[in-house]
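Peer 1:
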Amino acid sequence: MLSLPELASIAHKLLVPFSIAFIFTISVCTIICSVDLSILLPSILRPQKGLALPSLNQSRWMQARCWKDNAASLVQQAYIKIVCSDAVLTVFLLQFPGKVFQVFDPDGPQVFIPPNLMDEIEAFPDNVLSISDGVKELFQTEHTMFPDPGNQEWITWTKQNLDKNVAKYSAIVKQELSGLFPWQFQRYGGWQPIQAHPKLVQIVAAIASRIFLGHPIGTKEGQPSRKNPEWIMATITYPRDLFIAIYFLNFWPRWLRSVAKYMIPHMWVSWMHAGLAARVVEEALQHPANGDAAHGVYEMLSEEKKNDYLSQGRAQLGFAMAGMHTTIRVISQALFDLAEHPEYIPMLREEIKKVWGPRDAYKEPIMEQFASLKKLDSFMKESMRLHGGVSESMLPSPLSSFQNQTLTNEKASFRRKVLQPITLSDGTFLPPGTSVYFPTHALSHDPSIFPDPDKFDGLRFYKLRQRSQADANKHQFTAIDNHATYFGAGRHACPGRTFAGVLAKWILIALVTRYDFKIIEGDSTPRDFQFSGLLLVNTKKMIMIRDRVVV
-14 MLSLPELASI AHKLLVPFSI AFIFTISVCT IICSVDLSIL LPSILRPQKG LALPSLNQSR
46 WMQARCWKDN AASLVQQAYI KIVCSDAVLT VFLLQFPGKV FQVFDPDGPQ VFIPPNLMDE
106 IEAFPDNVLS ISDGVKELFQ TEHTMFPDPG NQEWITWTKQ NLDKNVAKYS AIVKQELSGL
166 FPWQFQRYGG WQPIQAHPKL VQIVAAIASR IFLGHPIGTK EGQPSRKNPE WIMATITYPR
226 DLFIAIYFLN FWPRWLRSVA KYMIPHMWVS WMHAGLAARV VEEALQHPAN GDAAHGVYEM
286 LSEEKKNDYL SQGRAQLGFA MAGMHTTIRV ISQALFDLAE HPEYIPMLRE EIKKVWGPRD
346 AYKEPIMEQF ASLKKLDSFM KESMRLHGGV SESMLPSPLS SFQNQTLTNE KASFRRKVLQ
406 PITLSDGTFL PPGTSVYFPT HALSHDPSIF PDPDKFDGLR FYKLRQRSQA DANKHQFTAI
466 DNHATYFGAG RHACPGRTFA GVLAKWILIA LVTRYDFKII EGDSTPRDFQ FSGLLLVNTK
526 KMIMIRDRVV V
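With the numbering used here, the residue at position 186 of the sequence shown is 171, and numbering never jumps.
(1) For Val315, which option in Asn458, Arg299, Met365 has the closest C-alpha, if you only look at C-alpha atoms?
(2) Would you call Glu336 buried or exposed, if buried means 16 or more other Cβ atoms sit within 10 Å of its Cβ?
(3) Can you tell me whether Ala72 is buried or exposed? The criterion is at least 16 other CB atoms within 10 Å of its CB, across all chains shown.
(4) Return the CA-CA distance between Met352 and Thr419, expressed in angstroms with no decimal places.
(5) So Arg476 is in the alpha helix (DSSP H); what residue range does that whole segment cover?
(6) Have a look at Tyr447, Tyr422, Ser155, Arg172 and flag the residue whose alpha-carbon is nearest the alpha-carbon of Ser363.
(7) For the stretch 92 to 154, list the alpha helix (DSSP H) runs that are entirely contained and at least 4 residues long, ordered along the chain.
(8) Between the alpha carbons of Met332 and Ala356, how many angstroms are there, rounded?
(9) In whole angstroms, what separates the C-alpha of Asp532 from that of Leu488?
(10) By the three-class DSSP mapping on this structure, what secondary structure does Asn458 have?
(11) In chain order, what residues of the same chain have a beta carbon less than 6 Å from the beta carbon of Ala324, not counting five sequence neighbours either side?
(12) Kindly indicate which three-state DSSP category Tyr283 falls into: helix, strand or coil?
(13) By how many angstroms is the C-alpha of Ser115 removed from the C-alpha of Thr38?
(14) What does DSSP give as the partner residues of Val403 in its beta bridges?
(15) How is the beta strand (DSSP E) around Pro178 delimited, first residue to last?
(16) Exposed or buried, which one is Ile530 when buried takes at least 16 other CB atoms within 10 Å?
(17) Measuring alpha carbon to alpha carbon, tell me which of Trp216, Gln354, Pro424, Ala190 ends up nearest Thr311.
(18) Touching or not, the stretch 148 to 155 and the stretch 476 to 492, by the rule of three or more beta carbon pairs under 8 Å?
(19) Quick one: what's got a C-beta closer than 7 Å to Ile231's C-beta in the same chain, skipping five residues either side?
(20) Got a sec, what are the start and stop residues for the beta strand (DSSP E) Val265 sits in?
(21) Kindly indicate if chain C contains any beta-carbon less than 8 Å away from that of Asp439.
(22) Indicate the three-state DSSP secondary structure (helix, strand or coil) for Ile528 in the structure shown.
(23) Got a sec, what are the start and stop residues for the beta strand (DSSP E) Val421 sits in?
(24) Within 10 angstroms of its Cβ, does Asn146 collect 16 or more other Cβ (buried), or is it exposed?
(25) Mapping the DSSP letters down to three states, classify Phe414 as helix, strand or coil.
(26) Of the residues Arg499, Ala193, Val244, Thr524, which one's Cα is nearest the Cα of Thr220?
(27) What are the boundary residues of the beta strand (DSSP E) that includes Tyr500?
(28) According to the neighbour-count rule (16 or more other Cβ atoms, all chains shown, within 10 Å of its Cβ), is Pro416 buried or exposed?
(29) With a threshold of 16 other CB atoms inside 10 Å of the CB of Gln405, please say whether the residue is buried or exposed.
(30) Compare the C-alpha of Phe228 against each of Gly475, Tyr471, Val120 and name the closest.
(31) Check the DSSP bridge columns for Thr408 and list the partner residues they point to.
(32) When the Cα of Leu361 is compared with those of Asp111, Val151, Tyr422, Ile330, which residue comes out closest?
(33) Taking the alpha carbon of Ile196 as the point to measure from, which residue in His182, Tyr223, Arg225, Lys159 has its own alpha carbon closest?
(34) Would you report the Cα separation of Lys525 and His182, rounded to the nearest angstrom?
(35) Using only CA atoms, which one of Cys479, Arg445, Ile494 lies nearest to Ile140?
(36) Alpha carbon to alpha carbon, how far is Phe462 from Pro327?
Here it is, written out as structure tokens:
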């Protein structure tokens, strides 16, 4: 059988098999969509028993169906006291306050940990409760070429360079934005509808290329002179192709997946992305270091790993996906909220002007000045609370859900796999093989934690930070605690969240100071679609934009 590196090198040459497999898969998809085998097939081929834990008062099959259509509501119902019945939400006397509970998805029971037990669960070592095994299962790394989740060189580079030198990389972001913004956001003399999300994707992808690979952006006659636009496009489309491949692979029992993967067109495409990534990394390393991750990580590798460009390329794709698409989601959702709540725009502009000075006359980036943007920080965190953020995704999504949407998540976080038997202080027993999560979405909509939780309050966290110094730190955008697991939790929380926050703020500062926004009157297009624990951004969602009107 061919090795994964060999598959990556020959994937470009297999257009005919790819086409045949594509037609075959589309035919199968038609059947699957018509009879909803996406739920029945996993249950038949991989039946799993539940655990001795509270669950919803309905069949496992019904829970799996509800999970597919709206995982967030299903988890929230179990967390509070609502039951889903055939996509109709009904209030019911079920409640699990402070208890571990389970919800069934098509693959079996998913276990959720309440806030009062989070510190306890976080304390288990990796050989007992593993993030690597959880990620390997989620991304099917044995088959998909997704990078090894235990890639310590990348994590070390992020912690020691990116997050410790945020001011340095913040200056790079500001410099690159000066060329990228005119490229994607032109002058708008009057109100015009735009699809903002694709524009933000291009901007963040180009900046990520500079940070990760050292590719200079620059400008040439008003257009970005990107060194490798093919690579930038690969980083944009890779998550979609990967998750579609995983979705179809999960139809098959584990013992057949080594064969079934060859019949999935998007699996071939994901391998092609890996082959491209290997070539791009090798090329980037021929140029002088530019404060980029490629050179920084390369220096940490052992001699035998330094020539393994495929592994380095796979790591580039994985970290680009983790860093780019989650950050893009935060920015897009904040922009949608600005359009829906334009009353916040004047106060944000006033704060920005007070901290940074007039537009396009910003001082050198200093982290203390970013820390002074407390209202912008609060606005972003409230948007993330309501609409999802950057923590670990749970399950892949179907082909149909990716046509007009892009991936990211926020229905649950802290995906871990139990490797050794665990007994919690409340007596809950978790056997090996159990998947464990935190109910992020349910916590974010718990009225005992956030009063009037379904209402957008852009100053919610600004007001909370005024109460004490402890609250001032606890409620920052990038802070993590047991009630705010948007960036994950514990020692495995997102290591690049400080830089992600700075990048998002720079882009929002540029948008707020240059343009006015509002929603399209009468538009009912959803900003998100939900499937199996994922939030999918509707990339065709439009808002109105015009050049800022100075009164």
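We treat Cβ as the ideally placed atom computed from N, Cα and C, and that holds for glycine.
Peer 2: For this structure:
(1) Checked all of Asn458, Arg299, Met365; the closest Cα to Val315 is Met365.
(2) It is buried - the Cβ of Glu336 has at least 16 other Cβ atoms within 10 Å.
(3) Residue confidence is low: Ala72 scores 29 on pLDDT, short of 50, so the model does not pin down where it sits. No coordinate-derived value is stated.
(4) In a straight line, the C-alpha of Met352 is about 41 Å away from that of Thr419.
(5) Neither: Arg476 is in no alpha helix (DSSP H) and is coded neither H nor E.
(6) Nearest to Ser363 by alpha-carbon distance, out of Tyr447, Tyr422, Ser155, Arg172, is Tyr447.
(7) Counting only runs of at least 4 residues, the stretch 92 to 154 fully encloses the following alpha helix (DSSP H) elements, listed from N- to C-terminal order: 103 to 107, 116 to 124, 126 to 129, 137 to 142.
(8) Taking the straight line from one Cα to the other gives about 16 Å.
(9) Cα to Cα, Asp532 sits roughly 22 Å from Leu488.
(10) Helix.
(11) Phe502, Lys503, Ile504, Ile528, listed in sequence order.
(12) In the structure shown, Tyr283 sits in a helix (DSSP, three-state: H, G or I).
(13) Checking the sequence, you will find Leu at residue 38 rather than Thr. For Leu38 and Ser115, the distance between alpha carbons rounds to 21 Å.
(14) Within the DSSP secondary-structure output, Val403 pairs in a beta bridge with Leu114.
(15) Run containing Pro178: 177 to 179, per the beta strand (DSSP E) assignment.
(16) Classification of Ile530: buried, given that the 10 Å Cβ count is 16 or more.
(17) Answer by Cα proximity: Ala190.
(18) Proximity of the stretch 148 to 155 to the stretch 476 to 492 meets the contact definition, three or more beta-carbon pairs being nearer than 8 Å.
(19) Beyond the five residues adjoining it in sequence on each side, Ile231 comes within less than 7 Å, by CB distance, of Phe124, Gln125, Thr129, Pro381 in the same chain, given in chain order.
(20) Unbroken run through Val265 is the alpha helix (DSSP H), 250 to 269; no beta strand (DSSP E).
(21) This model lacks chain C altogether, as it is built from one protein chain only.
(22) Ile528 falls in the strand class under three-state DSSP.
(23) In the DSSP annotation of this structure, the continuous segment of the beta strand (DSSP E) that includes Val421 starts and ends at 420 to 423.
(24) Looking at its Cβ environment, which holds 16 or more other Cβ atoms inside 10 Å, Asn146 is buried.
(25) If DSSP states are grouped into helix, strand and coil, Phe414 belongs with the strands.
(26) Comparing Cα-Cα distances from Thr220 to each of Arg499, Ala193, Val244, Thr524, the minimum goes to Ala193.
(27) Residues 500 to 503.
(28) Looking at its Cβ environment, which holds fewer than 16 other Cβ atoms inside 10 Å, Pro416 is exposed.
(29) Exposed is the call here.
(30) It is Val120.
(31) Partner(s): Phe414.
(32) Closest by alpha carbon: Ile330.
(33) For Ile196, the closest alpha carbon among the candidates His182, Tyr223, Arg225, Lys159 is that of Lys159.
(34) Our two residues, Lys525 and His182, have alpha carbons roughly 8 Å apart in a direct line.
(35) In this structure, Cys479 is the residue among Cys479, Arg445, Ile494 with its C-alpha nearest to the C-alpha of Ile140.
(36) Counting only the Cα atoms, Pro327 lies some 21 Å from Phe462.
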